[in-house]
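Okay, so here's the structure we're looking at.
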Amino acid sequence: MPTESDTHYDPSLGNKFIFVTGGVMSGLGKGITAASTGRLLKNAGFDVTAVKIDPYLNVDAGTMNPYQHGEVYVLEDGGEVDLDLGNYERFLDIDMTSDHNITTGKTYQHVIEKERAGDYLGKTVQIIPHITDDIKRRIREAAEGTDVCIIEVGGTVGDIEGMPYLEALRQFAHEEPEENVLFTHVTLVPYSKNGEQKTKPTQHSVKEVRSIGLQPDVIVGRCEDRLDPETKEKIALFCDIPTEAVFSNPDVEDVYHVPLMVEEEGLDQYVLEHFGLADEALPEGERANEWREIVTTEKNGAVDIALVGKYDLEDAYMSIHESLKHAGFEVGVDVNVHWVAADELSAGHDGQLADMDGVIVPGGFGMRGSEGKIRAVQYARENGVPFLGLCLGFQMAVVEYARNVLGLEDAHSAEMEADTPHPVIDILPEQYEVEDMGGTMRLGEHTTVIEPQTLAYDLYGDTSCSERHRHRYEVNPEYFDQFEDEPLEFSGTAGNRMEILELEDHPFFFGTQFHPEYTSRPGQPSPPFLGLVEAVLGQVDGGAEPESADADTDTDTETEVTH
């Protein structure tokens, strides 16, 4: 519950639950719609959290290829989850836990383990009530201590794997007071060839929802443009809800503008009135406005950053894209990200980097594309191009330097080349005897000690930082001595683990074994990403120090990876 007295919230009102389902097709933006609703409720003074339900049988997203569900997002507690939880953390500015991601694998595993232990006392274990009870328990536990919990059900209504969850929601609504539950259905409103907004897909989708025993309280229509008044009235008539409960969510230039759009539609006010919270909310003139100020910052120019990876899919690197956007908000520029195929660079196509202002080599697993990533590091190092290496990118920077500066021929990571004569990246000695690969994976938030008078110290402004990790291999301690007197310095460490590297006499050459992109937020950009964009601006502007936006405006995983 809120601790600030000016929120006026009465704890006796209990938790409020917003369930968000989707119809017609997947990928409509349920998560962004839900996160935007939460952002507005948070602006109004309420503590908001979220739960993402993923109906797949995987226990978590850790072993999924990014082409399946985009990037694997890592939480503070080490949970490997769907990228939608990244959107919730960024929009709501909260740190979530593994308990905020419910999967079919996780739920069934728990129920079966209880059955094997005899906890059900000989009863026949069934989807109803045992699975549905476990789903409801998880939702209530995740919501504990907050005012509003938003639960997004992945997939599309009608999917067979989602049926137990929708049944659990039906039971949930039956058990809770009516004023504590709201169902939002996000659906597609396409155009016909003659330019008419068509409501039939929405009608059929809502019919499917109602056949399960759920009645949407709110319908959000995803369309290229705002819904016409006639379209809203037709949806309201055929779906049996008030016209004022039908809202537009049109295409926008940036997902961070969606809260502004649904606020203009009055979605937040409708939700507050449904819950009886309108009088508990902060007056409109006192509500937080930082979000609008941040995401509408006037841009003065643009920079071009090459992202050298192996997945031609923006979702595979979503947190990196968003972190660059956050840095752009801070300094008032647009950051254009250009994907460069690492496979192609291995053949020597450095020309793809020639017009880029900066280079990022992201994380990943597996051999494919590693030589191209090493070549990208070499290009940035030798040509003075601002460079940021993340996790595997950090490791490839070590390999590149070992090969081309230290003269360690055929140096590599033992992950990529088990027989390399110089495994400068390897499993740490204390991990050699660990047979379970999960035991060697370093996951979640860990603290890095930062050396004073370094670029890392300048970026973080402290002698330590806490960032999230997802990796198995490390800089090999056997080679520490060979790097000791080199311009390439390990400026951040965690015991015998090298966490940060930087290169002297270079505009910006920085690598992190951790993933700083997971903790970046609008208004709180990740220090390494902000440093990269500022270094790029310094070069573009002829070396001048970039001014902040405030000063200007006053205002892989490969499918074979297991653990």
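Reading the sequence shown from the start, the letters are residues 664 to 1226 in my numbering.
Yeah, the Cβ is synthetic: ideal placement off N, Cα and C, and Gly gets one too.
By the C-beta density criterion, Leu720 is exposed, having fewer than 16 other C-beta atoms within 10 angstroms.
Look at the segment 1045-1127 and you find these whole runs of beta strand (DSSP E), each 3 residues long or longer: 1050-1053, 1086-1089 and 1105-1113. Looking at the DSSP output, Arg1160 shares a beta bridge with Ala1157. Val934 and Thr700 do touch by the CB rule: their CB atoms are close to 7 Å apart, below 8 Å.
Leu1053 is the residue among Leu1053, Val915 and Thr960 whose C-alpha sits nearest the C-alpha of Ile1163. Nearest neighbour of Asp1121 by Cα position, chosen from Pro1086, Asn1067, Pro1191 and Lys799, turns out to be Pro1191. In the three-state reduction of the DSSP assignment, Ile681 falls in the strand class.
Annotation: His793 is outside any beta strand (DSSP E) and is labelled neither H nor E by DSSP. Counting C-beta pairs with one atom in each stretch, the segment 727-737 and the segment 941-959 have fewer than three that are closer than 8 Å, which means they do not touch.
Counting C-beta pairs closer than 8 Å gives three or more between the segment 900-912 and the segment 879-888, which meets the contact rule. Of the residues assessed, Asn952 falls on the exposed side of the cut-off, its CB having fewer than 16 other CB atoms within 10 angstroms. The count of Cβ pairs closer than 8 Å, one atom from the segment 974-990 and one from the segment 746-758, reaches three, so the stretches are in contact.
By the Cβ criterion, the segment 1047-1065 is in contact with the segment 1164-1183, since at least three pairs of Cβ atoms, one from each stretch, lie closer than 8 Å. Collapsing the DSSP output to three states places Ile904 in coil. Less than 8 Å divides the Cβ of Asp1006 from the Cβ of Arg1031. Rounded to whole angstroms, the separation of the alpha carbons of Leu970 and Val1138 is 23 Å.
Annotated as distal: Leu940 and Leu691, with beta-carbon spacing of 8 Å or more. Under the three-state reduction of DSSP, Thr726 is assigned to coil, being neither helix nor strand.
For the pair of segments examined, the segment 1059-1070 was found to touch the segment 1147-1167: the number of CB pairs separated by less than 8 Å reaches three. Where Asn706 is concerned, the enclosing alpha helix (DSSP H) starts and stops at Lys693 to Asn706. In its chain, beyond the 5 residues on either side, Ile716, Pro718, Ile798 and Val816 have a beta carbon closer than 7 Å to the beta carbon of Tyr828. Taking 8 Å as the cut-off, the beta carbon of Val714 is found closer than this to the beta carbon of Ile765. Per DSSP, the unbroken beta strand (DSSP E) holding Lys715 starts and ends at Val711 to Asp717. A Cβ-Cβ contact shorter than 8 Å links Ala1077 with Pro1086. Here the alpha carbons of Val1062 and Thr865 stand approximately 54 Å from one another. For Glu993, no beta strand (DSSP E) segment is defined; the enclosing uninterrupted segment is the alpha helix (DSSP H) at Met981 to Val994. With a 10 Å radius around the Cβ and a threshold of 16 neighbouring Cβ atoms, Val788 comes out exposed.
DSSP places Ala899 within a helical segment (H, G or I) once states are collapsed to three.
Here DSSP, grouped into helix, strand and coil, assigns Glu807 to coil.
DSSP places His773 in the uninterrupted alpha helix (DSSP H) bounded by Thr767 to Arg779. Around the beta carbon of Arg800, a 10 Å sphere encloses fewer than 16 other beta carbons of the protein chains shown; the residue is thus reported as exposed. Gly1027 sits in coil when the DSSP states are folded into three classes, being neither helix nor strand.
Shown here, Val915 sits in coil according to DSSP, grouped into three states, outside any helix or strand. In the structure shown, Glu1165 falls within a strand segment according to DSSP collapsed to helix, strand and coil. DSSP, read as helix, strand or coil, puts Asp762 in helix.
For Asp931, there is no enclosing beta strand (DSSP E); the residue is found in the alpha helix (DSSP H) stretching over Leu930 to Phe938.
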